[in-house]
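A short write-up of the structure that comes next.
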Amino acid sequence: MASETVSETTTSDAGTEQISRLRGTLFEGVTLGATMFGILTVAGLLLYVANDAIRPLSADPGWHLVFFLTLVVPSLALVTYFYTRDGKAVDVAYASLGIPVVGLLVGGGLVVLFIEIISAAEWLGLALGLLVGATLVYAHRRFRPEAALERLFVLLAAPLLAVVGIPALSVDFTFVTPVTRTELFGIAFSTPQLLPGVPDLFLALPVLPLDWMMLLVSVTLPAALVAGRAIAARRNDERGLVETVVATLVVVSAGAYVTPLVGLSSEHWVLLATVVLLPLGFYLEGVVRRREGLSGLLFPVVVVGGALLGAVLAETFGFAGPDPWIDWGFLTSATSTTPEDAGIYPALVGSVLMLVVIIASAFPVGVGAAIYLEEYAPDTGLVGKLVTLIEINIGNLAGVPSVVYGLLGLAIFVRAMSLGSGTVIVGGFTVGLLILPIVIISAQESIRAVPDSMRQASYGMGATRWQTTRNVVLPEALPGVLTGTILALGRAIGETAPLLMIGAAASVRTTPNGFFSRFSAMPRQIFSWSSELQPEFRYGVLAAGVVTLLVVLLLMNGTAIVIRNKYQRGS
Numbered sequence: 037m038a039s040e041t042v043s044e045t046t047t048s049d050a051g052t053e054q055i056s057r058l059r060g061t062l063f064e065g066v067t068l069g070a071t072m073f074g075i076l077t078v079a080g081l082l083l084y085v086a087n088d089a090i091r092p093l094s095a096d097p098g099w100h101l102v103f104f105l106t107l108v109v110p111s112l113a114l115v116t117y118f119y120t121r122d123g124k125a126v127d128v129a130y131a132s133l134g135i136p137v138v139g140l141l142v143g144g145g146l147v148v149l150f151i152e153i154i155s156a157a158e159w160l161g162l163a164l165g166l167l168v169g170a171t172l173v174y175a176h177r178r179f180r181p182e183a184a185l186e187r188l189f190v191l192l193a194a195p196l197l198a199v200v201g202i203p204a205l206s207v208d209f210t211f212v213t214p215v216t217r218t219e220l221f222g223i224a225f226s227t228p229q230l231l232p233g234v235p236d237l238f239l240a241l242p243v244l245p246l247d248w249m250m251l252l253v254s255v256t257l258p259a260a261l262v263a264g265r266a267i268a269a270r271r272n273d274e275r276g277l278v279e280t281v282v283a284t285l286v287v288v289s290a291g292a293y294v295t296p297l298v299g300l301s302s303e304h305w306v307l308l309a310t311v312v313l314l315p316l317g318f319y320l321e322g323v324v325r326r327r328e329g330l331s332g333l334l335f336p337v338v339v340v341g342g343a344l345l346g347a348v349l350a351e352t353f354g355f356a357g358p359d360p361w362i363d364w365g366f367l368t369s370a371t372s373t374t375p376e377d378a379g380i381y382p383a384l385v386g387s388v389l390m391l392v393v394i395i396a397s398a399f400p401v402g403v404g405a406a407i408y409l410e411e412y413a414p415d416t417g418l419v420g421k422l423v424t425l426i427e428i429n430i431g432n433l434a435g436v437p438s439v440v441y442g443l444l445g446l447a448i449f450v451r452a453m454s455l456g457s458g459t460v461i462v463g464g465f466t467v468g469l470l471i472l473p474i475v476i477i478s479a480q481e482s483i484r485a486v487p488d489s490m491r492q493a494s495y496g497m498g499a500t501r502w503q504t505t506r507n508v509v510l511p512e513a514l515p516g517v518l519t520g521t522i523l524a525l526g527r528a529i530g531e532t533a534p535l536l537m538i539g540a541a542a543s544v545r546t547t548p549n550g551f552f553s554r555f556s557a558m559p560r561q562i563f564s565w566s567s568e569l570q571p572e573f574r575y576g577v578l579a580a581g582v583v584t585l586l587v588v589l590l591l592m593n594g595t596a597i598v599i600r601n602k603y604q605r606g607s
């Protein structure tokens, strides 16, 4: 009797298990099919747009054959070998090729900033001012460690006074009777500037170094110090700092004398080398030291070598390449009434400047709010209920349509604060409000993911809450914070509706020369091209603008994915 019961139960369990597997298989197939449908649909749309922008069929068949044999076939063969024989080389191959590409994108943004907004001398003066302010803060902390209230004042005032100085005082006061509204007396006086800031003193020097030398000191040297400290920490060898700094300065300085011979200015070389060669060298040092996936370093050599060989062979045999809408002239020219002369450079500069405002405004506020909500805000009492209400509203604000934020920016920054319609600062603040809830939520998730045992261990060592947050929580949460911020910035740079509401220009022929200048951004310019009557604008020029915007977005999102995957593996 007992055996029959067991048999029936086993049969029933087996049947239940079979039905469960069937349902699971069907669900897996449906979800896989839906995913593939979405991916293929987006890929088809991107290929359609890229075909209009690049026009590959306008090239000779021989040109396609040459690049297929020199670039496509070797690259695919090498990738196949990595996936089948050396799995660790796959990440090395993609990273060693992707880091220079992303570095060129960042370097292009820096070049734009130093061409259109700030000079090398002004930047070095600003850096010296901040250095003086930081030195004063450190000195106060060193000699008066117990004066916490004073340190707060010094922390806020010292950098400001070092950069701005003590400005002139101007008073203009008029007393008016409240009833008759008649003027009784007025006071007006002003004082000269009491103390100029460090940047003003530096710019007043009779002789200044060359521009590339000032960039070497103010941009390359700090980056080399950061990379050197990281290399020294992971090698547990202090020589790594000296070796990194010396090697970086020697290579960049030598290149500054050579690159003008090939048509690249020394200033641009310093910026590009800092954001391309330094990160690449930092990554390669870790790969060589670990001796894992070294064969992956062949991939960028094969890709770059195949492209150069294909170009030489195509030129030798006289094969004409494609006639694309997107080329160097499109990226460096202003828009025009003729499609052949239209470019996206002013809109590209506007997007870069707007991104700078967004980073400077939304990132500190968002991360600071996340730190307070996760580390300092109480969970109980009236304040705890208020915090819960705030968190609910932050979640709701993340789903508000972007056009609503455009109206908010129009009401606050244009009408109330009179910052000017369609200016860079208004665009940055408005789009910064749009992504602020996303930055807060992503930062909260990253901070919440830090194990509580690390906090308790820090408290057990006698650290304060702020010391624990600064030295334990934030370093662990930083990769997740950066990932969420980069993804949010990718959304910000593609928004159009807020720019329409704040009055961003449909198209501009000159680049903005400051943060209070009128501007146009890439999505706004693309929207303007879509309403042109000429078919070349609606298909060719518009497609080139879309590809430019998508390349920026894909590189930003790819960077976020790489950062996330790297730190999830704990490497």
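Once you know that position 551 of the sequence shown is 587 in this note's numbering, the rest is easy, because the numbers rise by one and skip nothing.
Glycine included, every Cβ here is placed at the ideal spot set by N, Cα and C.
query                                                                                                                                                                     : result
Could you spell out where the alpha helix (DSSP H) holding Glu481 opens and where it closes?                                                                              : Val460 to Arg484
From the DSSP output, read off the bridge partner residues of Leu231.                                                                                                     : Ile202
Do Ala79 and Ile362 count as a contact pair if the criterion is CB distance below 7 Å?                                                                                    : no
Around the C-beta of Gly581, are 16 or more other C-beta atoms found within 10 angstroms, so that it is buried, or is it exposed?                                         : buried
Would you report the Cα separation of Gly583 and Leu231, rounded to the nearest angstrom?                                                                                 : Residue identity differs from the one stated: residue 583 is Val in this sequence, not Gly. Looking at the two C-alpha atoms, the distance is approximately 50 Å.
For Arg554, which of helix, strand or coil comes out of DSSP?                                                                                                             : strand
Can you list, in chain order, the residues of its chain with a C-beta nearer than 8 Å to that of Val338? Leave out the 5 residues immediately preceding and following it. : Pro110, Ser111 and Leu114
Put Ser94 into one of helix, strand or coil per three-state DSSP.                                                                                                         : helix
How many whole angstroms separate the CB atoms of Ala198 and Val234, which I take to be in contact at a CB cut-off of 8 Å?                                                : 5 Å
Using CA atoms only, rank isn't needed, just tell me which of Leu68, Tyr441 and Val587 is closest to Thr532.                                                              : Tyr441
Do the CB positions of Ser369 and Gly379 come within less than 7 Å of each other?                                                                                         : yes
Tell me the residue span of the alpha helix (DSSP H) that contains Pro136.                                                                                                : Lys124 to Glu152
In this structure, does DSSP put Glu182 in helix, strand or coil?                                                                                                         : coil
Is Ala540 near Gly332, with beta carbons less than 7 Å apart?                                                                                                             : no
When the distance is taken between beta carbons, is Leu251 closer than 7 Å to Glu303?                                                                                     : yes
Of the choices Ser482, Trp248 and Gly402, whose alpha-carbon is the least far from that of Val294?                                                                        : Trp248
Measuring CA to CA, which of Leu164, Leu191, Leu166 and Ala163 is closest to Phe176?                                                                                      : The sequence given here places His at residue 176; Phe does not occur at that position. When each option's Cα is compared against that of His176, the closest is Leu191.
Quick check on the burial criterion: 16 or more other C-beta atoms within 10 angstroms. Buried or exposed for Ser482?                                                     : buried
Starting from Met497, trace the alpha helix (DSSP H) in both directions and tell me its first and last residue.                                                           : Run containing Met497: none; DSSP gives neither H nor E here.
Helix, strand or coil: how does DSSP classify Arg451 here?                                                                                                                : helix
So is Glu410 buried or exposed if we call it buried at 16+ other beta carbons inside 10 Å?                                                                                : buried
Measure the alpha-carbon distance for Ala157 versus Val142 and round it to whole angstroms.                                                                               : 21 Å
Can you give me the start and stop residues for the alpha helix (DSSP H) that Glu351 sits inside?                                                                         : Leu334 to Phe353
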